[in-house]
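Residue numbers (our numbering): 5 to 428. Beta carbons are placed, not taken as given, at the ideal position from N, Cα and C, and that holds for glycine. Source: prediction; values computed, not measured. Input: a single structure, listed below in structure tokens.
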Ligand code: ATP
Ligand code: MG
């Protein structure tokens, strides 16, 4: 009996075989690029203790307040969450492994993240990030290196022309506290003109008001006290060095004093890559920055660091198209009369795989002509034919579809002949 098909959870998508090529291209290219800068892969659990995120990302951020998948484990009452991002998990994992005692650590990660947002194009509840983190040093070389590494990745992927880079400097905790006091006072003075969302943030997170999408609020924010005026010599030098290194590496950037990022843990360098000419709200493809106090906040030793995460769905959306790879190198077509053909087909398929060929072994019968047509529509360049005549005469036929060239050979030589026809 048929019952209604159970659908996927809203905002969570399947990645079908015909879509996987772009994903694998991005994953492989990124892994190679990150490796060339000394980054090694780290894999952390998808589920963490809730407190890890509430304490680190910030109680008043959207990610924690509105978007986090949090639940109580029915088996033991533990408060857990699906990871909404992986920076804090990475820092937790490295601290747990004692890596803060061993100098600079460079790691990258990739995988699904979960945020309970309103699904729309480019915004999902399960989405995927690739990210990298470097810990153990406050050297601006690391901040710049990551941005330059991303510029290289965009170049190799062929998306560099579509992206722009905005950077800002958030200073240290004391400088931010001074600025925050002045901001709060300023927004209090203009309270009446602000939208509801902004008003709620005056005390809790006035910096986020600068990030508002409301035009009236933005107009008021334009004249708000600037953080740049609070920055001391050390913060300024850090910012200058990052910019010098980007310039030396020919990476173009825009300084954007209103760039604050949605998570609380950042200091000094912050940056975002977004679609250069796009009015969509979902146009940020990658965000990152420095988070020197994060490790101590988790309860670990001092372990300054910086990192970024890119949204895979949003990058895949702008990847230049590439011809889909053929499903296999050869198609084994066989007559459905008798078991002799079946045994020969199985054997030849394995022989070909021994020689490094990818093989689509036909099942389900039908005449040879139809099978050859099917191979052609699948884009498979070679067909190995085990027809009635072939079984009778104890040979097989290998046919190259591109030019129709074909060759008859003994079963034992089928794989060698196929390889030769393919490579010729
Ligand atoms: P946004 O402003 O789009 O909400 P964000 O500031 O919340 O992004 P980050 O936490 O910086 O995003 O995550 C890094 C990247 O991950 C983003 O730049 C984006 O490309 C991607 N990303 C974030 N949330 C989603 C989502 N719900 N669906 C798809 N991609 C996402
Ligand atoms: Mg967001």
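Is the separation between the beta-carbon of residue i and that of residue j shorter than 8 Å?
i, j, result
"residue 299", "residue 89", "no"
"residue 228", "residue 216", "no"
"residue 224", "residue 189", "no"
"residue 1", "residue 53", "The structure shown does not extend to residue 1, since the chain is modelled only from 5 to 428, so the question has no answer here."
"residue 330", "residue 370", "no"
"residue 108", "residue 140", "yes"
"residue 48", "residue 97", "yes"
"residue 131", "residue 317", "yes"
"residue 379", "residue 335", "yes"
"residue 343", "residue 390", "no"
"residue 20", "residue 319", "no"
"residue 242", "residue 144", "yes"
"residue 277", "residue 168", "yes"
"residue 426", "residue 358", "no"
"residue 93", "residue 173", "no"
"residue 325", "residue 142", "no"
"residue 210", "residue 180", "no"
"residue 315", "residue 150", "no"
"residue 161", "residue 33", "yes"
"residue 87", "residue 46", "no"
"residue 273", "residue 255", "no"
"residue 137", "residue 65", "no"
"residue 508", "residue 271", "Any question about residue 508 goes unanswered here, given that the chain covers just 5 to 428."
Just curious, the alpha helix (DSSP H) that residue i is in, first and last residue?
i, result
"residue 354", "343 to 358"
"residue 190", "177 to 193"
"residue 294", "Note, residue 294: premise wrong, no alpha helix (DSSP H); beta strand (DSSP E) at 288 to 294."
"residue 430", "Look at the range of the chain in this structure, 5 to 428, and you will see that residue 430 is not part of it."
"residue 29", "24 to 39"
"residue 55", "54 to 61"
"residue 66", "66 to 69"
Which two residues bound the contiguous beta strand (DSSP E) that contains residue i?
i, result
"residue 482", "Residue 482 is absent from the structure shown; the chain starts at 5 and stops at 428."
"residue 309", "309 to 315"
"residue 424", "Here residue 424 belongs to no beta strand (DSSP E); instead the alpha helix (DSSP H) covers 418 to 427."
"residue 4", "Residue 4 is absent from the structure shown; the chain starts at 5 and stops at 428."
"residue 448", "Since the displayed the chain opens at 5 and closes at 428, residue 448 lies outside it and no answer follows."
"residue 335", "334 to 338"
Give the C-beta separation of residue i and residue j to the nearest angstrom, bearing in mind that I take them to be a contact with Cβ-Cβ under 8 Å.
i, j, result
"residue 275", "residue 60", "Going by Cβ atoms, the distance from residue 275 to residue 60 rounds to 20 Å, so no, they are not a contact pair."
"residue 146", "residue 290", "The pair is not a contact, with the Cβ atoms about 17 Å apart (cut-off 8 Å)."
"residue 2", "residue 404", "Absent from the structure is residue 2, since the part of the chain shown begins at 5 and ends at 428."
"residue 68", "residue 75", "Their Cβ separation, rounded to whole angstroms, is 15 Å, which puts residue 68 and residue 75 out of contact at 8 Å."
"residue 44", "residue 111", "6 Å"
"residue 152", "residue 250", "7 Å"
"residue 177", "residue 297", "7 Å"
"residue 121", "residue 200", "So it is not a contact: roughly 20 Å between Cβ atoms."
"residue 420", "residue 352", "Not confirmed; about 11 Å, so no contact."
"residue 418", "residue 402", "7 Å"
"residue 12", "residue 18", "6 Å"
"residue 260", "residue 171", "7 Å"
"residue 302", "residue 99", "7 Å"
"residue 234", "residue 175", "6 Å"
"residue 14", "residue 116", "Not a contact, Cβ separation roughly 15 Å."
"residue 424", "residue 361", "Going by Cβ atoms, the distance from residue 424 to residue 361 rounds to 11 Å, so no, they are not a contact pair."
"residue 337", "residue 366", "6 Å"
"residue 222", "residue 264", "Not quite, the Cβ-Cβ distance comes to about 13 Å (not below 8 Å), so this is no contact."
"residue 16", "residue 119", "Not quite, the Cβ-Cβ distance comes to about 11 Å (not below 8 Å), so this is no contact."
Runs of 4 residues minimum, wholly inside the region 370 to 410: which ones carry the alpha helix (DSSP H) assignment? Entirely contained in the region 370 to 410, the alpha helix (DSSP H) runs reaching 4 residues are, in chain order, 372 to 381 and 392 to 397.
Which runs of the beta strand (DSSP E), 3 residues or longer, sit entirely within the region 71 to 108? 74 to 76 and 83 to 86
Just to confirm the assignment: which complete alpha helix (DSSP H) runs, minimum length 4, are found wholly within the region 116 to 152? none
In chain order, each alpha helix (DSSP H) run of at least 4 residues that lies wholly inside the region 204 to 255: 219 to 226 and 237 to 252
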